[in-house]
Amino acid sequence: ESQRKLQSIRDRYRRLPDQSLLLWLYECWFAGAHVDVLLDSAEAKQLGSLSRDVAVDRGLGRRTGTHSLWMRLVWSVRAAHSAEELLVRRDSWDTRLEGVQYLTELSVASVLFGNTRNSRCLEDLDRAYCTWDIWQAFRESAPPLYAEALSSIRWNGNLKVLKLKAFIWDYRLKPSSPPQNSSSYVEEQPQEYAGSSNDPCTICHEELGRNSCELECGHEFHRECIRTWLLEHSSTCPICRDYAVLPADVPQHPAQNNSKRYKAKPWKRSGF
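Residue numbering for the sequence shown follows full-length UniProt numbering, starting at 1 and increasing by one per position.
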């Protein structure tokens with residue numbers, strides 16, 4: 001039984017070749033390592049090359065007692081590395097997927113190593129704030145048209161990284177008519193931000209193709225990816241965190257007392 005448990009953890013959480021350690025940590029947390037997986041020291045020592053980083057893997061079993069896989073990863077990464085070692089500063093990024101991934105790396109580094117209120121977001125990385133350092137690094141690395149869109153946003157200390165990710169992911173470049181004001185542009189042109197079959201699925205990062213599914217909020221994923229996601233994450237969209245159900249799960253003629261729950265709403269991006 002114990003070996004089946006360990007193999008399941010390896011299959012679910014092993015770091016991909018060439019995947020950044022910070023991005024991998026976020027995906028481990030995202031996949032439930034902070035709540036779904038509890039390990040004692042002996043079990044943690046048997047995980048093998050989970051992180052593909054010798055120092056991190058060796059440190060997973062150092063703490064006695066039973067702890068979540070997530071906290072074992074955090075303790076081991078902090079002991080083995082510094083933020084400067086893990087965070088590769090980018091001069092630029094080209095696609096919105098690269099932009100969102102860079103934001104993820106910046107925010108995870110801030111939570112794990114920073115001396116800000118983000119250190120209190122260890123159990124919920126999506127609560128992390130976009131600190132001035134994150135904002136500066138991200139804005140300076142943005143390609144020109146994204147940088148122009150970001151210039152319409154006034155930074156403040158309560159801006160969440162998750163909200164900035166959604167802005168970048170939903171934004172569609174319009175070289176001939178860049179947005180003058182992020183809020184009004186969003187309100188007036190909601191269709192500009194609808195997903196397309198050429199976009200990658202944000203859950204598996206593979207091209208959507210024909211087997212895609214669009215939620216009521218307007219975000220699009222592979223049907224099987226989002227089906228599993230909704231079951232494991234209380235029916236919330238991975239991008240905007242709105243309540244979501246699969247289109248096939250929405251009844252054609254809902255009962256009168258349930259009509260409010262299933263009523264489709266017009267989609268628009270959050271303004272800043």
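Yeah, the Cβ is synthetic: ideal placement off N, Cα and C, and Gly gets one too.
query, result
"So, is P144 buried or exposed, given that buried needs 16 or more other C-beta atoms within 10 angstroms?", "exposed"
"What span of residues does the beta strand (DSSP E) with S212 cover, start to end?", "212–214"
"Please state if the CB of S20 and the CB of E105 are separated by a distance shorter than 9 Å.", "yes"
"Note down the Cα distance separating L69 from R120, rounded to an integer number of angstroms.", "18 Å"
"Go through the region 91–161 residue by residue and report every complete run of the alpha helix (DSSP H) that reaches 4 residues or more, in order.", "96–113, 132–141, 144–150"
"Which class does T236 belong to by DSSP, given the choice of helix, strand or coil?", "strand"
"Per DSSP, what kind of secondary structure is Q191 in: helix, strand or coil?", "Here Q191 scores only 32 on pLDDT, less than 50, and its place in the model should not be relied on; the value that follows carries that caveat. The answer is helix: DSSP assigns Q191 an H, G or I state."
"Check this for me: beta carbons of L246 and L230, under 9 Å apart or not?", "yes"
"Taking 9 Å as the threshold (C-beta atoms), are S107 and N118 in contact?", "yes"
"I need the DSSP call for E85, collapsed to helix, strand or coil.", "helix"
"Using the C-alpha atoms, what's the distance from G61 back to K45?", "5 Å"
"Evaluate the contact criterion for the region 157–171 versus the region 236–244: three or more CB pairs, one atom per stretch, below 8 Å.", "yes"
"So T66 and L47 are supposed to be a Cβ contact under 8 Å. How far apart are they, rounded?", "Not confirmed; about 15 Å, so no contact."
"Measure from the alpha carbon of A42 to the alpha carbon of each residue in Q3, V111, D11, then state which is nearest.", "Q3"
"Does the distance from the CB of V100 to the CB of L25 come in under 9 Å?", "no"
"Taking the straight line between their C-alpha atoms, what separation do you get for P200 and D133?", "28 Å"
"Is it buried or exposed, H205, if we count other Cβ atoms within 10 angstroms and call 16 or more buried?", "exposed"
"Return yes when the C-beta of R78 is under 8 Å from any heavy atom of the ligand NAD, and no when it is not.", "In the structure on display, the ligand NAD does not appear, and there are no ligands present to speak of."
"Starting from E220 and walking both ways along the beta strand (DSSP E), at which residues does that stretch end?", "220–222"
"Per the DSSP calculation, L38 is bridged to which residue(s)?", "S68"
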